[in-house]
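The structure appears right after this line, and notes come after that.
Residue numbers (our numbering), protein chains in the order written: chain L, 2 to 305; chain U, 251 to 389.
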């Protein structure tokens, strides 16, 4: 694999290999502490993202490698008008692998077309964020032990949430998965995503405006934030916002082995009172994000 | 109405009625110095009405582009007054340098020297998507 731009650049088998490597890293971190000695990861963040950048850097440092890069466009030559292609040609002279976040959709693909070293898309605008999806998949697999047969609830902003679209796409490749789509009318999953990944492959799904009604069915609950700016008027936002805030009361009917995920950052869509519930996984998910990125870096550098 | 048969050239046939001027413009036929005939609303058994373009010389044509504009088209190559090649067109898998991505968040909106390229993602609905941002063409 040369670059990871989209989650579909990976087959389900390759994703399983990454998950297995990540699990081995969790079990035997010392065995991996020098795997990337002498290797350099460049983190090119043309827009700020503390969590993703630190996760990549921590992953490389834990493998014994080193990191360089920038964390916002104004401290890069892009501020002087340099093209993505030229930046990449330059940075690839200094590094063995590049993780790149860019506000413009498709920028990492352009980078991969001009780079002699592997490119990892660390998020391009509202488009793709494959390492978040890998993080979500590792979390689900670690917590449930399998993907098959799970009922996956996705709640909140299903219209604009790129992590939701990618997770639906990735999970739709496993047998007997079922989706429960929980959102206000204004923020329903886009039709093309639903048709391509749910309806056309014939995957069972239900749509609901009520989180509480469907809660007892769920094995996984993937929460996202309902943002004020997504609504046409304030009245609708105020009417709906509390329906999609997860509280201990709403969890009353949930399964004991439900797992709650969130791509973070959280604002108020999960009450802090839920944080101590053993079903809450969103901070473990952050930790898993580092391990799956370690596995990915190893795979892309061809290190066993 | 009689248009002379051509000896050496190209006949673009079965153009959906009304699309010939678009094709004329996209293929840059206005820049040719040979005879070019545009026949509009010709009676057709297959289509009811159709347009035809006759070009009185051979030239390189962008098959993908023609297929994109109108996949029902047939192109006939005439040599020595005889039909030498008949080509039926399909929607192309990829189109380069014709469509422009309109998504303001696409990398092509800021790096305008990047080649514009679209891939066919739904043949039935004729959906093309930008290779960079996956936005639907024309949406």
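For glycine and all other residues, C-beta sits at the position ideal for the given N, C-alpha and C.
Spatial neighbours of residue i in its chain, beta-carbon cut-off 6 Å, leaving aside the 5 residues before and after
| i | result |
| --- | --- |
| residue 294(U) | 300 |
| residue 207(L) | 181 |
| residue 292(L) | 23, 26 and 27 |
| residue 93(L) | 116, 117 and 118 |
| residue 229(L) | 238 |
| residue 142(L) | 20 |
| residue 59(L) | 291 |
| residue 336(U) | 326 |
| residue 125(L) | 103, 106, 108 and 109 |
| residue 443(U) | In this structure chain U extends from 251 to 389, so residue 443(U) is not present and cannot be described. |
| residue 367(U) | 346 and 381 |
| residue 148(L) | 175 |
| residue 292(U) | 300 and 302 |
| residue 179(L) | 152 and 205 |
| residue 85(L) | 108, 111 and 112 |
| residue 363(U) | none |
Assumed close pair residue i, residue j - CB separation to whole angstroms, cut-off 8 Å
| i | j | result |
| --- | --- | --- |
| residue 360(U) | residue 105(L) | 6 Å |
| residue 54(L) | residue 145(L) | Between residue 145(L) and residue 54(L) the Cβ distance is about 29 Å, and since that is not below 8 Å, they are no contact. |
| residue 386(U) | residue 376(U) | In fact, because the Cβ distance is near 10 Å, the residues do not count as touching under 8 Å. |
| residue 265(L) | residue 52(L) | 7 Å |
| residue 381(U) | residue 323(U) | In fact, because the Cβ distance is near 25 Å, the residues do not count as touching under 8 Å. |
| residue 113(L) | residue 4(L) | 4 Å |
| residue 63(L) | residue 295(L) | 6 Å |
| residue 275(L) | residue 252(L) | 7 Å |
| residue 306(U) | residue 262(U) | Incorrect: roughly 13 Å between the Cβ atoms, too far for contact. |
| residue 163(L) | residue 127(L) | 5 Å |
| residue 79(L) | residue 88(L) | 6 Å |
| residue 7(L) | residue 129(L) | 5 Å |
8 Å Cβ shell around residue i - same chain, five flanking residues per side excluded
| i | result |
| --- | --- |
| residue 270(L) | 157, 224, 225, 226, 227, 245, 246, 247 and 263 |
| residue 256(L) | 217, 219 and 220 |
| residue 38(L) | 65 and 66 |
| residue 215(L) | 154, 181, 183, 207 and 209 |
| residue 302(L) | 37, 40, 97, 98 and 119 |
| residue 272(L) | 246, 247, 248 and 249 |
Nonlocal neighbours in the same chain, by C-beta distance under 7 Å from residue i, ignoring five residues either side
| i | result |
| --- | --- |
| residue 285(L) | 140 |
| residue 329(U) | 258 |
| residue 365(U) | 346 and 347 |
| residue 350(U) | 366 |
| residue 81(L) | none |
| residue 191(L) | 160 |
| residue 369(U) | 343, 344, 378, 379 and 381 |
| residue 390(U) | This structure cannot settle anything about residue 390(U), because the visible part of chain U is limited to 251 through 389. |
Secondary structure, alpha helix (DSSP H): runs of 4+ residues fully inside the stretch 9-92 of chain L: Counting only runs of 4 or more, we get 13-28, 51-63 and 85-92.
Residues of the stretch 188-203 of chain L whose Cβ lies closer than 9 Å to any Cβ of chain U, in chain order: Listed in sequence order: 193 and 197.
Contacting positions in the stretch 94-108 of chain L - beta carbon closer than 7 Å to chain A: Looking at the structure shown, chain A is missing, and the protein chains on hand are L and U.
Residues in the stretch 350-377 of chain U having any Cβ partner in chain L nearer than 8 Å: For chain L, the residues of the stretch 350-377 of chain U that bring a beta carbon within less than 8 Å of one of its beta carbons are 353, 355, 356, 357, 358, 359, 360, 361, 363 and 364, in chain order.
Within 7 Å of chain L by C-beta, residues of the stretch 300-330 of chain U in sequence order: Flagged: no residues at all.
The stretch 87-100 of chain L contacting the stretch 117-126 of chain L, beta-carbon criterion three pairs below 8 Å: Look at the beta carbons and you see the stretch 87-100 of chain L touching the stretch 117-126 of chain L: at least three pairs across the two are nearer than 8 Å.
Three CB pairs or more closer than 8 Å across the stretch 153-160 of chain L and the stretch 262-272 of chain U: As far as the Cβ criterion goes, the stretch 153-160 of chain L does not touch the stretch 262-272 of chain U, which means the pair count is below three.
Residues within the stretch 73-87 of chain L neighbouring chain U, beta-carbon criterion of under 7 Å: If the cut-off is 7 Å between Cβ atoms, the stretch 73-87 of chain L has 84 and 85 near chain U.
Every unbroken beta strand (DSSP E) inside the stretch 115-169 of chain L [3 residues or more]: The stretch 115-169 of chain L contains these whole beta strand (DSSP E) runs: 120-125 and 152-156.
Inter-stretch contact (C-beta, 8 Å, three-pair minimum) for the stretch 337-356 of chain U and the stretch 308-328 of chain U: Short answer: they touch.
Validate contact between the stretch 36-52 of chain L and the stretch 65-74 of chain L using beta carbons, cut 8 Å, 3 pairs: Cβ pair count under 8 Å is three or more, so yes.
Every unbroken beta strand (DSSP E) inside the stretch 193-241 of chain L [3 residues or more]: 206-209 and 221-224, all fully within the stretch 193-241 of chain L.
The stretch 162-177 of chain L touching the stretch 127-139 of chain L, judged by at least three CB pairs closer than 8 Å: Because the criterion of three Cβ pairs below 8 Å is met, the stretch 162-177 of chain L and the stretch 127-139 of chain L touch.
Interfacial residues, the stretch 267-293 of chain L to chain U, with Cβ spacing under 7 Å: For the stretch 267-293 of chain L, the beta-carbon criterion of a distance under 7 Å to any beta-carbon of chain U is satisfied by none of its residues.
Contiguous alpha helix (DSSP H) assignments of at least 4 residues, all confined to the stretch 290-371 of chain U: Entirely contained in the stretch 290-371 of chain U, the alpha helix (DSSP H) runs reaching 4 residues are, in chain order, 313-319.
Where the stretch 124-151 of chain L meets chain U: residues whose CB sits under 9 Å from a CB there: Taking 9 Å as the Cβ-Cβ cut-off against chain U, the residues of the stretch 124-151 of chain L that qualify are 125, 126, 127, 128 and 129.
Beta strand (DSSP E) runs wholly inside the stretch 255-286 of chain U, at least 3 long, in chain order: Residue ranges of uninterrupted beta strand (DSSP E) with 3 or more members, entirely inside the stretch 255-286 of chain U and ordered along the chain, are 259-266.
Entirely enclosed beta strand (DSSP E) segments - the stretch 236-283 of chain L, minimum 3 residues: Counting whole runs of 3 or more residues, the stretch 236-283 of chain L contains the beta strand (DSSP E) stretches 260-262.
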